[in-house]
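Let me begin by presenting the structure, written as structure tokens, before commenting on it.
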Amino acid sequence: MPIKVTCPKCQGVLHAPDDAGGKRGKCPTCGTVLAIPAEGGSSADLPPPEPFRASEPLPEPAGTHRSSFGAIPRPPDVEPRRPATGSRLPAPPAFAPAEPRKPADPFAKPGKRAVAGIPGQGLVRAWRRARRGLGWVQLALFLFLIGAVGYAGIAVADTLGVKLPSQDPGYLKLEGLSSDTEIRVGVLLIPAVLGVLACTIGRFGVSNAPRSSFAKGLSTVAAVASLIVLLGVVAILVPVGVQVAQGFVPQGFLPPPTGANANQPDVLELAVPMPRQFLPADDPNGMAQRIGMTLAVIFGVMAEVWFVTALGRMGAALHDVRLGSRATRFVVLVGLAIVVVLIGWAAFEIYPRDMNQLVADHVQPQWDKLGDSKPAVVWGLIGLAGLVYWLMYTRMVGAARRAIREWLEQNEPAV
288 MPIKVTCPKC
298 QGVLHAPDDA
308 GGKRGKCPTC
318 GTVLAIPAEG
328 GSSADLPPPE
338 PFRASEPLPE
348 PAGTHRSSFG
358 AIPRPPDVEP
368 RRPATGSRLP
378 APPAFAPAEP
388 RKPADPFAKP
398 GKRAVAGIPG
408 QGLVRAWRRA
418 RRGLGWVQLA
428 LFLFLIGAVG
438 YAGIAVADTL
448 GVKLPSQDPG
458 YLKLEGLSSD
468 TEIRVGVLLI
478 PAVLGVLACT
488 IGRFGVSNAP
498 RSSFAKGLST
508 VAAVASLIVL
518 LGVVAILVPV
528 GVQVAQGFVP
538 QGFLPPPTGA
548 NANQPDVLEL
558 AVPMPRQFLP
568 ADDPNGMAQR
578 IGMTLAVIFG
588 VMAEVWFVTA
598 LGRMGAALHD
608 VRLGSRATRF
618 VVLVGLAIVV
628 VLIGWAAFEI
638 YPRDMNQLVA
648 DHVQPQWDKL
658 GDSKPAVVWG
668 LIGLAGLVYW
678 LMYTRMVGAA
688 RRAIREWLEQ
698 NEPAV
């Protein structure tokens with residue numbers, strides 16, 4: 288049964304375990320050191336502890352030897368080892384490794400900070416949220432692929448002679464809006480808008496990455512830029528949707544050709560049979576469309592650059608070579624493609640006559656030979672470039688999710 292101990296200073300009654308007889312303990316109230324009597328005795332019967340006198344020399348423990356520096360302890364039953372013949376370094380001493388330090392108070396509540404290199408719960412939660420955000424980005428990439436493959440399939444079907452239903456009015460019962468146009472716009476537009484929305488949500492999720500990843504700031508600004516792109520897309524589509532709901536079919540989204548090319552269809556017109564102009568510029572809806580297009584293009588490029596850079600930093604923070612190498616390859620190849628496009632544009636601007644002559648002599652004859660296959664060729668090239676871009680981007684996002692999963696498997700506390 289517990290041993291009752293009365294503190295002579297604060298008169299508090301303490302209860303010590305039954306196996307603590309003959310030991311000493313500290314009063315939790317006043318801090319007085321108490322002698323715990325044996326079972327059946329009282330603390331008052333024990334003599335007070337003798338005070339320590341600094342003048343008295345401490346007894347030397349067994350197994351020590353004297354030197355000019357005083358008493359040096361030596362581990363018991365351990366003799367110094369000599370290096371073996373022919374060895375360069377002496378053998379390590381046969382000391383047992385020190386046990387890990389234990390907390391002073393085993394009943395103390397753990398804090399929020401990481402202890403002894405073990406990641407805290409906040410760090411684990413941050414990586415979990417970032418991984419869920421990357422899952423949303425993967426969903427967005429899948430939606431983009433659905434829209435692109437669906438529209439490309441329609442173009443290939445047209446080339447092979449398979450036509451879509453073309454009754455006018457179409458499913459929305461609007462004069463001038465045929466059913467095949469509604470199908471084309473729906474197949475391309477609905478997955479694209481949903482993909483932009485999922486991408487924005489995912490990048491805001493990735494912005495929850497811990498600060499130690501050095502990617503929190505970049506992923507946050509990439510998420511904000513993606514939100515601006517989404518607002519730009521809404522500014523382009525909402526006026527069109529309002530007009531369609533009112534029974535008016537808008538004329539289109541691209542400016543008409545001018546100058547010498549006014550009567551010649553361009554490549555985009557051959558590939559995408561769609562109307563050619565925005566709403567009027569003097570109309571508030573038309574101005575909103577132009578502003579939305581500008582915001583979508585500018586902040587779309589910025590969001591991609593910032594997000595890919597953030598993924599590269601995550602790879603460095605997680606020590607994942609696979610993620611870092613894929614992010615680096617993506618940036619290098621996309622940068623080379625942009626440089627090639629800029630060089631071609633600069634060549635046409637600086638040497639317009641020579642470049643036009645070069646195109647007329649070597650490119651235009653080969654292009655004319657294609658005849659009715661021009662839309663298929665254009666869509667094939669666009670689809671090939673988009674597929675390469677999509678594969679590289681998907682592999683990079685997948686590598687980021689895999690790197691975070693491996694980190695969580697090593698550092699997440701067991702449940």
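The opening residue of the sequence shown carries number 288 in the working numbering; numbering runs sequentially from there.
Here a beta-carbon is modelled for each residue, glycine too, at the ideal position from N, C-alpha and C.
* How long is the line joining the alpha carbons of residue 490 and residue 512, rounded to whole angstroms? -> 10 Å
* Asked: Is the number of C-beta pairs between the segment 573–580 and the segment 650–661 that are closer than 8 Å three or more?
  -> no
* How far does the alpha helix (DSSP H) with residue 290 in it reach, from first residue to last? -> Segment 290–293 is the beta strand (DSSP E) holding residue 290; no alpha helix (DSSP H) there.
* To do: Have a look at 661, 493 and 430 and flag the residue whose alpha-carbon is nearest the alpha-carbon of residue 480.
  => 430
* Enumerate, from N- to C-terminal direction, the unbroken alpha helix (DSSP H) stretches of 4 or more residues contained entirely within the segment 294–329. => Listed in chain order, there is nothing to give.
* **Cα-Cα separation between residue 691 and residue 594, rounded to whole angstroms** => 16 Å
* **Three-state secondary structure (DSSP) of residue 461** => coil
* To do: Evaluate contact between the segment 465–479 and the segment 433–451, counting only Cβ atoms and requiring at least three cross-stretch pairs below 8 Å.
  => Segments in contact, yes.
* To do: Given a cut-off of 9 Å, decide if residue 502 and residue 600 are closer than it, judged by their beta-carbon atoms.
  => yes
* Alpha carbon to alpha carbon, what distance is there between residue 518 and residue 526? -> 13 Å
* Can you tell me whether DSSP reads residue 449 as helix, strand or coil? -> coil
* **Outcome for residue 500 when other beta-carbon atoms lying within 10 angstroms are tallied against a minimum of 16** => So residue 500 counts as buried.
* Tell me, to the nearest whole angstrom, how far the beta carbon of residue 506 is from that of residue 427; I am working on the premise that it is less than 8 Å. => No, residue 506 and residue 427 are not in contact; Cβ-Cβ is about 15 Å, not under 8 Å.
* To do: Give the range of the alpha helix (DSSP H) segment to which residue 518 is assigned.
  => 503–532
* Asked: Say the cut is 8 Å; is the CB of residue 602 nearer than that to a heavy atom of the ligand NAP?
  -> This structure lacks the ligand NAP, and indeed carries no ligand of any kind.
* Determine the direct distance from the alpha carbon of residue 411 to that of residue 313, and round the result to whole angstroms. => 40 Å
* If we count the other Cβ atoms within 10 Å of its Cβ and call it buried at 16 or more, is residue 486 buried or exposed? -> Flag for residue 486 reads buried.
* To do: Consult DSSP for residue 495 and reduce its assignment to one of helix, strand or coil.
  => coil
* With a cut-off of 8 Å on the beta carbons, I'd call residue 586 and residue 523 a contact; round off their distance for me. => 14 Å between Cβ atoms; not a contact.
* Could you tell me whether the Cβ atoms of residue 416 and residue 496 are closer together than 9 Å? => One thing to note: residue 416 has its Cβ within 9 Å of the Cβ of residue 496.
* To the nearest angstrom, report how far apart residue 466 and residue 459 are at their CA atoms. => Residue 466 and residue 459 have their alpha carbons spaced roughly 8 Å apart.
* To do: For the segment 570–602, list the beta strand (DSSP E) runs that are entirely contained and at least 3 residues long, ordered along the chain.
  => none
* Classify residue 583 as buried or exposed, calling it buried when 16 or more other Cβ atoms lie within 10 Å of its own Cβ. => buried
* 6 Å CB neighbourhood of residue 643 in its chain, flanking five on each side removed -> none
* Asked: Roughly how many angstroms separate the alpha carbons of residue 679 and residue 462, rounded to a whole number?
  -> Those two C-alpha atoms are separated by around 43 Å.
* To do: Whole angstroms is fine: what's the gap from residue 425's alpha carbon to residue 664's?
  => Cα to Cα, the separation comes out at about 29 Å.
* To do: Less than 8 Å between the CB atoms is what I'm expecting for residue 446 and residue 662, so what's the real figure, rounded?
  => 7 Å
* Taking the continuous alpha helix (DSSP H) assigned at residue 619, which residues delimit it? -> 608–637
* Return helix, strand or coil for residue 605, following the three-state DSSP convention. => coil
* May I ask you to report which of helix, strand or coil DSSP gives residue 365? => Unreliable placement is indicated for residue 365, whose pLDDT of 49 sits below 50; no coordinate value is reported for it.
* Asked: Taking Cβ to Cβ, would you say residue 622 is nearer than 9 Å to residue 611?
  -> no
* Is the CB-CB distance between residue 688 and residue 484 below 9 Å? -> no
* Asked: What whole-angstrom Cβ distance do residue 323 and residue 292 have, given they're in contact under 8 Å?
  -> A Cβ-Cβ distance of about 6 Å is found for the pair residue 323 and residue 292, placing them in contact under the 8 Å criterion.
* Asked: So residue 631 packs on residue 435, CB below 8 Å; how close in whole Å?
  -> In fact, because the Cβ distance is near 24 Å, the residues do not count as touching under 8 Å.
* residue 423 to residue 568, Cα distance in whole Å? -> 36 Å
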